[in-house]
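Structure, as structure tokens:
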DNA sequence: CATGCGTGGAT
DNA sequence: TATCCAAGCAT
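Residue numbers (the working numbering): 886 to 1203.
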């Protein structure tokens, strides 16, 4: 959960998750939909599917015990060098380094490293440094302390060097270059896109579609949606009908505009136009489509806009 | 090796 | 409001 996600954000999700799945075995035997439902709102849903899959592998191949061997741990889905090092150093006191957002910043400043930390030279230097500072004992404590130093004191914009316990060892501090290090690499430009979602209604229920493994929000349910032609402000009935057929194999009658919402995801700013429609006939094969009454949507893992639309429908029925 | 993946907090 | 950023990983 903590991969690319701040601790304060994770805490309530972790508490709910660990209450429902207190051990590896309970997680392994859960339905994926329930795992994703508990992850809903946290983002990077591949993490949840990887964690679920890793739990199943651990039960099947490792007698339900998390593997203490670094290479074996790393071979689990979603466990990379950082996560394996963090788990094994903190939980088992193995002498393994970690490198993540906080310690990248701390180490880059200590060394006054002016390259790009994510590139090959930077990774080599920073991982080596992380390894070189490990103590003989309490490795996990040191790793956590370094992350804490980065998140509380050696912060991105204006680090609080006056309270830093190692400022006298810091080359960036000596050079007055804290604001320049680490160098940040340029982010991709935000792109505005327009999409449409279709609420297909049939006898008090609405149609949901599960995103495939190849799509964003893989595994989550959503109202059928599609990218509309760029620059277009309105969505034609014909476009709704054609895309509904494409996505669901269903013939529909487009009815009326429901609402328009904004949502940012990765490098896209999406304007999502939501439309109501009535089911007429037909349906694609497969388990990626389902009908639910609006008040039954609580059971399903939805993405943010899907959840907003779902709540809107419940309120309309009141 | 660059890119895609999500969302919400902080400034 | 806009931008940056976050206990990374897989492809």
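In this text, a Cβ means the ideal position worked out from N, Cα and C, and glycines have one as well.
On the criterion of 16 or more Cβ atoms from any shown chain inside 10 Å, does residue i qualify as buried, or is it exposed?
{"i": "residue 1007", "result": "buried"}
{"i": "residue 1053", "result": "exposed"}
{"i": "residue 1201", "result": "exposed"}
{"i": "residue 925", "result": "buried"}
{"i": "residue 1059", "result": "exposed"}
{"i": "residue 1099", "result": "exposed"}
{"i": "residue 1074", "result": "exposed"}
{"i": "residue 989", "result": "buried"}
{"i": "residue 1109", "result": "buried"}
{"i": "residue 1129", "result": "buried"}
Comparing C-alpha positions only, which one of the options sits nearest to residue i?
{"i": "residue 1040", "options": "1065, 1182 and 1136", "result": "1065"}
{"i": "residue 969", "options": "1018, 916, 1076 and 1025", "result": "1025"}
{"i": "residue 1106", "options": "1112, 956, 1093 and 1125", "result": "1093"}
{"i": "residue 956", "options": "930, 937, 979 and 944", "result": "979"}
{"i": "residue 1170", "options": "1131, 1138 and 1199", "result": "1131"}
{"i": "residue 1048", "options": "1034, 1042 and 1057", "result": "1034"}
{"i": "residue 1162", "options": "1020, 939, 1197 and 1086", "result": "1086"}
{"i": "residue 1089", "options": "1104, 1177 and 1028", "result": "1177"}
{"i": "residue 1078", "options": "1153, 1028, 1126 and 1011", "result": "1153"}
{"i": "residue 1103", "options": "1166, 886, 1127 and 935", "result": "935"}
{"i": "residue 1063", "options": "961, 977 and 1043", "result": "1043"}
Could you check whether residue j and residue i sit closer than 7 Å to each other, using their CB atoms as the reference points?
{"i": "residue 1175", "j": "residue 1082", "result": "no"}
{"i": "residue 1173", "j": "residue 1095", "result": "yes"}
{"i": "residue 1205", "j": "residue 1080", "result": "The first residue shown for the chain is 886 and the last is 1203, placing residue 1205 beyond what the model contains."}
{"i": "residue 1003", "j": "residue 1067", "result": "no"}
{"i": "residue 889", "j": "residue 913", "result": "no"}
{"i": "residue 995", "j": "residue 1012", "result": "no"}
{"i": "residue 887", "j": "residue 895", "result": "yes"}
Nearer than 6 Å: is that true of the beta carbon of residue i relative to any heavy atom of the ligand GDP?
{"i": "residue 895", "result": "Among the components of this structure there are no ligands whatsoever, and the ligand GDP is therefore not found."}
Rounded to a whole number of angstroms, what is the C-alpha to C-alpha distance between residue i and residue j?
{"i": "residue 1144", "j": "residue 959", "result": "45 Å"}
{"i": "residue 1140", "j": "residue 1119", "result": "14 Å"}
{"i": "residue 953", "j": "residue 1134", "result": "49 Å"}
{"i": "residue 1015", "j": "residue 1061", "result": "23 Å"}
{"i": "residue 1181", "j": "residue 1072", "result": "40 Å"}
{"i": "residue 1097", "j": "residue 1055", "result": "48 Å"}
{"i": "residue 1186", "j": "residue 1001", "result": "38 Å"}
{"i": "residue 967", "j": "residue 1150", "result": "25 Å"}
{"i": "residue 975", "j": "residue 1031", "result": "13 Å"}
{"i": "residue 1179", "j": "residue 1190", "result": "14 Å"}
{"i": "residue 1051", "j": "residue 1018", "result": "13 Å"}
Name the one or two DSSP bridge partners that residue i has.
{"i": "residue 1153", "result": "1076 and 1150"}
{"i": "residue 1126", "result": "Answer is none; residue 1126 lacks a bridge partner."}
{"i": "residue 1166", "result": "1136"}
{"i": "residue 1111", "result": "1081"}
{"i": "residue 1174", "result": "1094"}
{"i": "residue 1160", "result": "1083 and 1142"}
{"i": "residue 1187", "result": "1106"}
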